[in-house]
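Read the structure below first, then the notes.
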Amino acid sequence: MPKSPAPSTCPCGSGEPYAACCGPLHRGRVTGLVTAPTAERLMRSRYSAFALGERDYLLQTWHPSTRPASLELDDDLEWRRLEILGTTAGGERDLAGTVAFAAHFWDASSRRAGRQPENSAFVREAGQWFYVGPTPGTPS
Ligand SMILES: [Zn+2]
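According to this note's numbering, the stretch in the sequence shown is residues 722 to 861, in order.
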């Protein structure tokens, strides 16, 4: 028997099926009906979007003040695991918050595993969380 994770499991590591986890958020950019309630939830859904190549979702959840004009995803990077290291604020009643995380990846071009840590800032406007960018101070 081949041993591999169920393909329907969400890349964000929740253990939930994609269709019941980040899938509705990614699809919600079309309907506008489903948005992440917390900064951490948005962070997780953005990680899943990186893993699945959901470029439009990444751009749409990027704050307009820091959003790049376009986004090139590196096809050589395979996102393996998301590690949430800590959060500040970012709750359902907050207007700002930070999420410290490390994203684990496999780089197919160099055939090496890597770990990308970042402390990210998020803001909530009109009920929707946006990624602003990295804050000073990289988590370890
Ligand atoms: Zn998920």
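Note that beta-carbon positions come from the ideal geometry of N, C-alpha and C, so glycine has one too.
Exercise. Where does proline 723 land, buried or exposed, given buried means 16+ other C-beta within 10 angstroms?
Worked result: Because the pLDDT at proline 723 is just 45, under 50, the model does not fix this residue reliably, and the point stays unresolved.
Problem set entry | Strand pairing of histidine 784, partner residues [DSSP] | BP columns for histidine 784 are empty, so no partner.
Exercise. On the premise that tyrosine 852 lies in contact with tryptophan 783, defined as a C-beta separation below 8 Å, what is that separation, rounded to the nearest angstrom?
Worked result: 5 Å
Problem set entry | Cα-Cα separation, serine 830 to glutamate 793 | 16 Å
For this session: Since I believe threonine 859 is in contact with serine 841 (beta carbons under 8 Å), could you give me their beta-carbon distance rounded to a whole number of angstroms?
Result: No, serine 841 and threonine 859 are not in contact; Cβ-Cβ is about 11 Å, not under 8 Å.
Exercise. What is the residue span of the alpha helix (DSSP H) that tyrosine 768 lies within?
Worked result: 760-773
For this session: Could you check the C-alpha separation between aspartate 815 and valine 844 for me, to the nearest Å?
Result: 8 Å
For this session: Compare the beta carbon distance of tyrosine 768 and cysteine 733 with 8 Å and say whether it is the shorter of the two.
Result: yes
For this session: Select from Thr856, Gly811, Pro857 and Gln849 the residue whose C-alpha is nearest the C-alpha of leucine 746.
Result: Gln849
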